[in-house]
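In our numbering, the protein residues as written are 44 to 316.
Right under this line is the structure:
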């Protein structure tokens, strides 16, 4: 169902200044490309998010959820329906438990991955420094199982809270989640019974007490390496290509094909990375 006048009025009443119609997605993606979203919404609390999802479900209006807009390419025609951004309503970090040297940290889906990394360093908690320099949000990092050669989100994740289109919240433990290289696959029985994939609300991470001074040294070295090897001054999403299951890495294959530095229009394969 398209977004008609009644829908526009309903959305305005619910979200106020938290909605824009015909909003160019180029303003919200790392690549700075993409046509307009019919409705671009940023709920300011979780209750409004629940109400929005229920309404969109009942009206059969298509909707997608995005985080920071990294690893996201939007076509020039834009996105029909509703684009939901979680960075305003899901932006808190807190401790949720401790057991000896282990500390559980809960980060909501809209928190920038870098914010979580900096929080862990300041709190003297190790385990997630590998994610330094990875763009995007915690929600996206979980969905993509973001990582580097030093580790992946699935290595430190303890559990997630998710929301269904009915507004129902569920907690899912790490062992119930099917992670693979740069991917989270929802259990087929889960999606089959509900006919949907849930929305990540937050993730709980299992970190270890450590020396903040040493963590900061490690962080400095990691960030310097990324700066030396990535075009941080450009509209870049970082390491965008996935490595094949076996054999040479994506970077090696790009080098062998002579594609490093290749440019078509405004898109370029980095000559630096």
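Backbone N, C-alpha and C fix where the C-beta goes; we use that ideal spot for every residue, glycine too.
Given this structure, state the Cα-to-Cα distance separating residue 266 from residue 134, to the nearest angstrom.
Computed Cα separation, rounded: 23 Å.
DSSP three-state call for residue 262: helix, strand or coil?
Reduced to three states, the DSSP call for residue 262 is helix.
With DSSP collapsed to three states, give me the class of residue 83.
Strand, per DSSP.
Could you tell me the distance, in whole angstroms, from the CA atom of residue 257 to the CA atom of residue 91?
In a straight line, the C-alpha of residue 257 is about 42 Å away from that of residue 91.
Within 10 angstroms of its Cβ, does residue 245 collect 16 or more other Cβ (buried), or is it exposed?
By the 10 Å Cβ count, residue 245 comes out buried.
To which residues does DSSP link residue 255 through a beta bridge?
Partner(s): none; residue 255 has no beta bridge.
What are the start and end residues of each continuous alpha helix (DSSP H) run of 4 or more residues lying completely inside the segment 87-157, in chain order?
Complete alpha helix (DSSP H) runs here, min 4: 89-102.
Please classify residue 287 as buried or exposed, where buried requires at least 16 other C-beta atoms within 10 Å of its C-beta.
Exposed is the call here.
So, residue 107 versus residue 182, is the Cβ gap smaller than 9 Å?
Contact flag unset, no.
Taking DSSP as the reference, what is the three-state secondary structure of residue 204?
Residue 204 falls in the strand class under three-state DSSP.
Would you kindly work out how many angstroms separate the C-alpha atoms of residue 172 and residue 163, rounded to a whole number?
Straight-line Cα distance between these residues: approximately 8 Å.
Per DSSP, what are the beta-bridge partners of residue 1 in this structure?
No information on residue 1 is available, as it lies outside the stretch 44 to 316 that the chain covers here.
Return the bridge partner residues of residue 311 from the DSSP annotation.
Beta-bridge pairing links residue 311 to 306.
Taking its Cβ as the centre, do 16 or more other Cβ atoms sit within 10 Å of residue 151, making it buried, or is it exposed?
Counting Cβ neighbours within 10 Å, residue 151 comes out buried, since at least 16 surround it.
In whole angstroms, give me the CA-to-CA distance for residue 137 and residue 177.
Roughly 21 Å separates the two Cα atoms.
Exposed or buried, which one is residue 56 when buried takes at least 16 other CB atoms within 10 Å?
Under this definition residue 56 is an exposed residue.
Okay, do the segment 99-117 and the segment 57-66 touch, 3+ Cβ pairs below 8 Å being the bar?
Cβ pair count under 8 Å is below three, so no.
How far does the beta strand (DSSP E) with residue 215 in it reach, from first residue to last?
Looking at the DSSP string, the run of the beta strand (DSSP E) that includes residue 215 is 212-216.
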